[in-house]
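The block underneath contains the structure these notes are about, expressed in structure tokens.
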Amino acid sequence: MPPQVTFSRREPAHTQEHDYDCSQDSLEWALFSLGRRPADGWLESQMIADGIMSTAAGLLDGSGARLAAWIGKQYGEFGFSANNEASVDFQALADEIGPYPMLIGGHNWGGPRLGHWSGLQGYDRARDVLLLANPGGTGPLFGGQEMTREQFAARGPFSMVRVLHPDLLAGGGGGIVPAGGEVGAYVVTQVGVRLRAAPGTSEQILIEDLGVGTVVTAVDDQVVSANDIQWRHVDRGGTVGWVASKYLSPVGQGGFTAQGIADVLGAPLGKVATSYPLLEAALTARGIGDRPVLIAALATIGVETGSFAPIPEFASGEAYEFRADLGNTEPGDGPRYKGRGFIQLTGRANYRAYGELLGIDLEGDPDQALDPDIACQVFAVYFTEHRIRWLPAPAPLMNCADLARADEWTGVRVAVNGGKNGLDRFLGFVGALTALGA
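Under our numbering, the first residue of the sequence shown is numbered 1, with each subsequent residue one higher.
Encoded structure:
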């Protein structure tokens, strides 16, 4: 059955009526975006009566913890829950944009009554801005419906509340749910694919290059013919337009859910919900998004990071200093090019090579390998480009995808690790993932 609860990211902001009820109207936006329709007066009076906010001070717990608990208490019978982060940074929010609404509160955001709250609709990667459902409107006091990194820093520190439901994570990815349209996630399969304002090759270009491996979400079920091309209506990070369908491939071949993956790997659900769609899209873009490869990829990440988030190597990297085999020839290259990502990309030469394959200057800015989207793309390249001799000659060299499809699971681990460290844990994950959703 399709999920009964879906997140409509384009639910417009609900304007606050008073200077104290920004948190209430931000929550109201989130609930409406999930299909609930609480009366404004009831929501406000109940939050005041339960000591969540007051007319004198607004939200009474700036961390969002009491608000999250209250959401669970009021809406738990419908399957909803909520949690909070007392401190969150801009990049963490940008990385987490997914299939559930979030509320953010800046402790130095606003006028005489500091501490303003807003809904968070999305993140525009091309312009590096957060897209808001801001109840404060567009005036100078609350800063409109977008937020730059500089504005975020000036208005912080920030806290955050997630509003969750099991249905939202059932498909492993998020998106905008249209009124009556079919929702689907697609991965861009070519370099140079443009997002246009309307169907047609002469229409205004909204995004010059969506980027191979980028995930876009269907806004509705429309497919329109123009210039002998079929065009699909999609959303990319809050920018809605049209893309030639022939450059899109559906995401979702693995049959996994974010909750199922989190349960098997023991990983945080929020991290899985953020990164799994990016991983599946990156593998699909390279022709290896089938179930055996996904199992290998998920089991590998479970062993390598545990948290389902790209991580830096714990060590300083000084052991790699002047390692010519890694391309480290300059002072400081060891720490600068230490391991990062889902698979620990290490050494100047590897950062350069993988950056060239992806069209990204990883050598110049190695910390990009910690961005979940880029880390997933690096991972997918590694699974296709790195080959080992596993089966006896005359069998060819095999990459991780070849090995997974041949059920050579120990070979997958050796290809990644160079040995059998973590093999038992890896094989345990493979068995559990194979059974999951089969």
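In this text, a Cβ means the ideal position worked out from N, Cα and C, and glycines have one as well.
Three-way DSSP call (helix, strand, coil) for residue i in this model
i, result
"Glu146", "strand"
"Tyr186", "strand"
"Ala393", "coil"
"Ala369", "helix"
"Thr329", "coil"
"Leu248", "strand"
"Asp361", "coil"
"Gln16", "coil"
"Asp235", "strand"
"Ser307", "coil"
"Leu206", "strand"
"Gly174", "Residue confidence for Gly174 is low, a pLDDT of 35 falling below 50, so the modelled location carries little weight and cannot support an answer."
"Gly341", "strand"
"Ala275", "The residue you asked about is not Ala; residue 275 is Ser in the sequence shown. Reduced to three states, the DSSP call for Ser275 is helix."
"Asn399", "strand"
"Pro3", "In this prediction, Pro3 has a pLDDT of 46, which is less than 50 and means its spatial position is unreliable; what the coordinates show is noted afterwards. Three-state result, Pro3: coil."
"Gly522", "Because the chain spans 1 through 438 in this model, residue 522 falls outside it and cannot be assessed."
"Val193", "coil"
Selection from the options that minimises the alpha carbon distance to residue i
i, options, result
"Trp390", "Gln74, Phe379, Ala69 and Asp402", "Asp402"
"Glu318", "Ala309, Gly332, Ser307 and Gly266", "Gly332"
"His107", "Val193, Phe322, Leu120 and Val88", "Val88"
"Gln145", "His14, Val272, Pro335 and Ala404", "His14"
"Thr284", "Phe379, Gly260 and Met147", "Phe379"
"Ala185", "Ala282, Ala86, Lys338 and Pro268", "Ala282"
"Val272", "Gly306, Leu43, Ala244 and Arg286", "Gly306"
"Arg387", "Val416, Ala406 and Gly359", "Val416"
"Gly359", "Glu17, Lys420, Gln151 and Gly211", "Gly211"
"Gly98", "Pro292, Thr346, His165 and Thr410", "His165"
"Gly431", "Trp409, Asn134 and Pro12", "Trp409"
"Gly327", "Thr346, Thr55, Ala258 and Asn84", "Thr346"
"Ala94", "Tyr320, Gly270, Gly418 and Ala393", "Gly270"
"Tyr100", "Glu11, Asp40 and Ala39", "Glu11"
"Met102", "His116, Leu43 and Ala133", "Ala133"
"Asp290", "Gly76, Ser249, Asp325 and Ala92", "Ser249"
"His116", "Gly35, Gly76, Asp128 and His18", "His18"
Cβ-Cβ distance between residue i and residue j below 9 Å
i, j, result
"Thr6", "Asp167", "yes"
"Leu362", "Val381", "no"
"Leu298", "Cys376", "no"
"Cys22", "Leu67", "no"
"Ser202", "Gly64", "no"
"Thr434", "Ile295", "yes"
"Trp29", "Gly105", "no"
"Arg162", "Ala69", "no"
"Arg413", "Leu423", "yes"
"Gly122", "Leu131", "yes"
"Gly302", "Gly266", "yes"
"Ile52", "Asp61", "yes"
"Phe142", "Phe90", "no"
"Ile229", "Leu436", "no"
"Tyr20", "Ser45", "no"
"Pro292", "Arg425", "no"
Contacting residues, own chain, Cβ-Cβ under 6 Å from residue i (five flanking each side not counted)
i, result
"Pro199", "Val224, Ala226, Trp231 and Trp242"
"Arg340", "Pro312, Ala369 and Leu370"
"Thr214", "Val188"
"Gln441", "The shown model of the chain, from 1 to 438, leaves out residue 441, and the question about it has no answer."
"Tyr351", "Tyr337, Leu362, Glu363 and Pro366"
"Asp25", "His14, Gln16 and Pro135"
"Glu85", "Met160"
"Phe78", "none"
"Gln300", "According to the sequence shown, residue 300 is Thr rather than Gln. Closer than 6 Å at the Cβ level, and outside the excluded window around Thr300, lie Val416."
"Arg149", "Phe90"
"Gly428", "none"
Cβ-based neighbour list, residue i, same chain, cut-off 7 Å, excluding 5 preceding and 5 following
i, result
"Tyr247", "Val188, Thr189, Gln190 and Val193"
"Ser275", "Phe308, Ala309, Pro372 and Cys376"
"Pro157", "Ser87 and His107"
"Gly355", "Asp361, Leu362 and Glu363"
"Gly180", "Low confidence applies here, because Gly180 scores a pLDDT of 28, under 50, leaving its location unreliable; read the following figure in that light. Within the same chain, Gly180 has no close Cβ partners at all."
"Ser245", "Val223, Gln230, Trp231 and Arg232"
Beta-carbon proximity list for residue i, same chain, < 8 Å, skipping 5 on both sides
i, result
"Arg37", "Leu31"
"Thr239", "Asp124, Ala126, Leu195, Leu206 and Ile207"
"Ile288", "Ala380, Phe383, Thr384 and Ala401"
"Thr329", "Phe322 and Arg348"
"Ile71", "Leu27, Phe80, Ser81, Ala82, Val161 and Val163"
"Ile343", "Thr300, Glu304, Val378, Phe379, Tyr382 and Val416"
"Lys420", "Thr410, Arg413 and Val414"
Residue i - partner residues in DSSP beta bridges
i, result
"Leu131", "Gly122 and Glu146"
"Gln230", "Ser225"
"Leu103", "Gly119 and Val161"
"Ala218", "Val234"
"Ser23", "Its beta-bridge partners do not exist; DSSP assigns none."
"Pro292", "None, per the DSSP bridge assignment."
Any non-hydrogen atom of the ligand SAH closer than 8 Å to residue i Cβ
i, result
"Asp25", "Absence of the ligand SAH from the depicted structure is noted, as is the absence of any ligand whatsoever, leaving it without description."
Chain C within 9 Å of residue i, Cβ atoms only
i, result
"Asn399", "Included in the structure is just one protein chain, with no chain C present."
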